[in-house]
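Chemist: I'd like to ask some things about the structure below.
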Ligand code: ARG
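Numbering (my numbering), first residue to last: 1 to 261.
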């Protein structure tokens, strides 16, 4: 009885918390927006490859548990994520999303939970760039709306950058010799390189550090506080290291990953 009471109180409190951020969903979930094309942070996997799995999904589950609601995942284009958050269609965004001053004007970010950087993918056997300036005037494929797209435009010039809604399409463009390089975050690059090892090489240049954050709707201080608590907890109790080990170090083939909820 006691448990039941606490349980229902938690749900009422959670519903109030989400109500405050304006999502029009009568069903009570904590909704994560993501773009499941960014292995190993989010990708399609599980039986039949139909589920969204990955490092960010584990983090989101810990946040949902903290809030006291089941997690629901909305998979969409990367550049639709922040508008969806603003429109109240999702409660939070976890998408390997780099905290940038521009984005932070429109949404609120959690404490950083992962340190990343950009890298360059090239076709195996092609001359590797040795400095960032070597990208000047070369053709580059990127994912639309990403920090990698920004870096590519700055270094290669707007007219030389092809922007794709899918990360895989950008990599395919490179493999089909339509562009010279792909600029993308390091972990997805490692993942794509491993899967296409005979074709691709990974090149590290002096790109800046980037930090991933969980985004919530601007002003949703309640949810942001829960997110930060959950992040601190998973670091303190070792779950964060477990997620790193499972998804970044062991890096399962997503298609073979059946254990993931
Ligand atoms: N970290 C980069 C950014 O924030 C790329 C993120 C892409 N994420 C994704 N799920 N496709 O722009």
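Cβ coordinates follow ideal geometry from the N, Cα and C atoms, glycine included.
Just so you know, these numbers come straight off a predicted model, no measurement behind them.
In the DSSP output, which residue or residues are listed as bridge partners for residue 233?
Modeler: Locating residue 233 in the chain shown gives position 233, counting from the first residue. According to DSSP, residue 233 bridges with nothing at all.
Chemist: Under three-state DSSP, which class holds residue 117?
Modeler: Position 117 of the chain shown, counting from 1, holds the residue named residue 117. In the structure shown, residue 117 sits in a strand (DSSP, three-state: E or B).
Chemist: Check whether the Cβ atoms of residue 64 and residue 43 lie closer than 9 Å to each other.
Modeler: As a position in the chain shown, residue 64 is number 64, starting the count at 1. As a position in the chain shown, residue 43 is number 43, starting the count at 1. The answer is no: Cβ separation not under 9 Å.
Chemist: Do residue 40 and residue 247 come within 9 Å of each other at the CB atom, strictly closer than that value?
Modeler: The sequence position of residue 247 within the chain shown is 247, counting from 1. The sequence position of residue 40 within the chain shown is 40, counting from 1. Yes.
Chemist: Do the segment 107 to 125 and the segment 187 to 194 make contact, defined as three or more Cβ pairs closer than 8 Å?
Modeler: Because the criterion of three Cβ pairs below 8 Å is met, the segment 107 to 125 and the segment 187 to 194 touch.
Chemist: Can you tell me whether residue 149 is buried or exposed, with buried defined as 16 or more other CB within 10 angstroms of its CB?
Modeler: In the chain shown, counting from the first residue as 1, residue 149 sits at position 149. Per the 10 Å Cβ criterion, buried.
Chemist: Can you find a heavy atom of ligand 1 that lies under 8 Å from the Cβ of residue 212?
Modeler: Start at 1 with the first residue of the chain shown, and residue 212 comes out as number 212. Because some heavy atom of ligand 1 lies under 8 Å away, the Cβ of residue 212 counts as near it: yes.
Chemist: Within the chosen definition, does the segment 173 to 180 reach the segment 131 to 149 through at least 3 CB pairs nearer than 8 Å?
Modeler: yes
Chemist: Assuming the contact rule is C-beta atoms closer than 8 Å, residue 163 and residue 183 should be a hit. Round their C-beta distance to whole Å, please.
Modeler: Working through the chain shown from its first residue, we reach residue 163 at position 163. Working through the chain shown from its first residue, we reach residue 183 at position 183. Between the beta-carbon of residue 163 and that of residue 183 there is about 11 Å, and that puts the pair past the 8 Å contact cut.
Chemist: Can you pull the DSSP bridge partners for residue 141?
Modeler: In the chain shown, counting from the first residue as 1, residue 141 sits at position 141. The partner list for residue 141 (beta bridge, DSSP) reads 162 and 182.
Chemist: With a threshold of 8 Å (Cβ to nearest heavy atom), would residue 35 be considered close to ligand 1?
Modeler: Residue numbering aside, residue 35 sits at position 35 when the chain shown is read from its first letter. Yes, Cβ of residue 35 sits closer than 8 Å to a heavy atom of ligand 1.
Chemist: Return the CA-CA distance between residue 243 and residue 57, expressed in angstroms with no decimal places.
Modeler: Residue mapping note: residue 243 aligns to position 243 of the chain shown, counting from 1. Residue mapping note: residue 57 aligns to position 57 of the chain shown, counting from 1. Rounded to the nearest angstrom, the two C-alpha atoms are 10 Å apart.
Chemist: Using only CA atoms, which one of 78, 238, 36 and 106 lies nearest to residue 218?
Modeler: Counting from 1 along the chain shown, the entry for residue 218 is found at position 218. Out of 78, 238, 36 and 106, 106 has the C-alpha closest to the C-alpha of residue 218.
Chemist: Does the beta carbon of residue 143 fall short of 8 Å from some heavy atom of ligand 1?
Modeler: Looking up residue 143 in the chain shown gives position 143. Yes; taking the cut-off as 8 Å, the Cβ of residue 143 has a heavy atom of ligand 1 nearer than that.
Chemist: Grab the span of the beta strand (DSSP E) containing residue 243 for me, first residue to last.
Modeler: Walking along the chain shown from the start, residue 243 turns up at place 243. Looking at the DSSP string, residue 243 is not in any beta strand (DSSP E); the run it does join, the alpha helix (DSSP H), is 239 to 243.
Chemist: For a quick check, are the C-beta atoms of residue 67 and residue 223 less than 9 Å apart?
Modeler: As a working mapping, residue 67 is identified with position 67 in the chain shown. As a working mapping, residue 223 is identified with position 223 in the chain shown. Their beta carbons are under 9 Å apart, which means residue 67 touches residue 223 by this criterion.
Chemist: Can you list, in chain order, the stretches of the alpha helix (DSSP H) that have 4 or more residues and sit fully within the segment 20 to 82?
Modeler: Here the runs fully enclosed are 55 to 67.
Chemist: Excluding the 5 residues preceding and the 5 following residue 116 in the sequence, name in chain order all residues of the same chain whose CB lies nearer than 8 Å to its CB.
Modeler: Counting from one through the chain shown, the residue named residue 116 turns up at place 116. So the qualifying residues of the chain are 96, 98, 185, 186, 187, 209, 210, 211 and 212.
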